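>
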Amino acid sequence: MGIFSSMDIAGTGLSAQRVRMDVISNNIANANTTRTPDGSAFRRSMAILRPRNDERVYRSPLLPESLQTPGCSGVKVVEIKEDTAPLRMVYDPSHPDAIKSGPKKGYVEYPNVNMVTEMVDMISASRAYEANISSIQNEKNMFFKALEIGK
């Protein structure tokens with residue numbers, strides 16, 4: 036494992052958590068959106084994360100191929116997926132988006148966004164982001180101490 040591998044791993048975590056926060060923010064912003072451009076209610080989105088263990092991130096031009104370690108682990112966002120949970124139905128016949136006929140007449144389809152779930156996810160993503168920042172800070176401090184030892 037190279038000297039900057041741990042920073043690369045933390046960097047992938049920062050990037051993934053930023054995307055996760057963006058998705059959560061979008062969900063919260065659209066919590067009451069009953070009509071999207073396609074005509075249906077907004078659906079909650081989720082960022083799907085997977086380990087990034089099969090990629091090479093950095094290849095040193097100074098080391099031969101046989102001495103180079105495989106790419107660092109880390110995480111990557113593989114997709115932004117819509118939640119398939121049922122939409123929330125609220126009876127409000129005066130709403131412009133209320134269903135006009137059928138057994139659900141007078142009901143409005145609201146997004147399947149639960150604010151408590153979104154806030155818990157936001158706190159989780161925020162803490163993970165902070166942990167990655169702390170990791171990078173500690174790595175930086177170790178590098179500086181190593182340089183001081185070499186003096």
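Mapping of the sequence shown onto my numbering: residues 36 to 186, in sequence order.
We treat Cβ as the ideally placed atom computed from N, Cα and C, and that holds for glycine.
Nothing here was measured: the structure is a model prediction, and the numbers come from that model.
Count the CB pairs spanning the stretch 148-161 and the stretch 124-137 that are closer than 8 Å, and state whether there are at least three.
These segments do not touch.
> How would you call V113, buried or exposed, if buried means at least 16 neighbouring beta carbons within 10 angstroms?
Here residue 113 refers to the residue found at position 78 of the sequence shown. Burial call: exposed.
> Examine the Cβ distances between the stretch 45-58 and the stretch 73-91 and report whether three or more of them are shorter than 8 Å.
Counting Cβ pairs under 8 Å, three or more are found: they touch.
> Can you give me the C-alpha to C-alpha distance between N62 and E153, rounded to a whole angstrom?
Within the sequence shown, the letter at position 27 stands for residue 62. Within the sequence shown, the letter at position 118 stands for residue 153. Approximately 8 Å, taken between the alpha carbons.
> Using only the alpha-carbon positions, how far apart do I171 and D156 sit?
As a first step, residue 171 is located in the sequence shown; it is residue number 136 there, counting from the start. As a first step, residue 156 is located in the sequence shown; it is residue number 121 there, counting from the start. Taking the straight line from one Cα to the other gives about 23 Å.
> Do G109 and I168 have their C-beta atoms within less than 7 Å of each other?
For the purposes of this step, residue 109 is taken as the residue at position 74 of the sequence shown. For the purposes of this step, residue 168 is taken as the residue at position 133 of the sequence shown. No, the Cβ-Cβ distance between G109 and I168 is not below 7 Å.
> What is the rounded straight-line gap between the Cα of A160 and the Cα of N173?
Mapped onto the sequence shown, residue 160 falls at position 125. Mapped onto the sequence shown, residue 173 falls at position 138. C-alpha separation (whole angstroms): 20 Å.
> Below 8 Å on the Cβ atoms is my contact criterion, and I expect K135 with S80 to pass it. Report the Cβ-Cβ distance as a whole number of Å.
What you label residue 135 is simply residue 100 of the sequence shown in a count that begins at 1. What you label residue 80 is simply residue 45 of the sequence shown in a count that begins at 1. With a Cβ gap of about 28 Å, K135 and S80 do not count as contacting.
> Count the other C-beta atoms from every protein chain shown that fall within 10 angstroms of the C-beta of A64, then say buried if there are 16 or more, exposed otherwise.
Here residue 64 refers to the residue found at position 29 when the sequence shown is read from its first residue. Per the 10 Å Cβ criterion, exposed.
> Rounded to the nearest angstrom, what separates I59 and I158 at their Cα positions?
Within the sequence shown, residue 59 is the residue found at index 24, counting from 1. Within the sequence shown, residue 158 is the residue found at index 123, counting from 1. Taking the straight line joining both Cα atoms gives about 10 Å.
> So the beta strand (DSSP E) L49 belongs to, where does it begin and stop?
Position 14 of the sequence shown, counting from 1, holds the residue named residue 49. No beta strand (DSSP E) holds L49; the alpha helix (DSSP H) holding it covers S40 to A64.
> For S169, name the three-state secondary structure that DSSP assigns.
To locate residue 169, count along the sequence shown from 1; it is residue 134. The answer is helix: DSSP assigns S169 an H, G or I state.
> Where A120 and R78 are concerned, what is the direct C-alpha to C-alpha distance, given to the nearest angstrom?
For the purposes of this step, residue 120 is taken as the residue at position 85 of the sequence shown. For the purposes of this step, residue 78 is taken as the residue at position 43 of the sequence shown. Straight-line Cα distance between these residues: approximately 9 Å.
> Is any beta-carbon of chain C found at less than 7 Å from that of S108?
The question asks about chain C, but that chain is absent: this structure has only one protein chain.
> Is G137 near P128, with beta carbons less than 7 Å apart?
By one-based count along the sequence shown, residue 137 stands at place 102. By one-based count along the sequence shown, residue 128 stands at place 93. Not in contact: G137 and P128 (Cβ atoms no closer than 7 Å).
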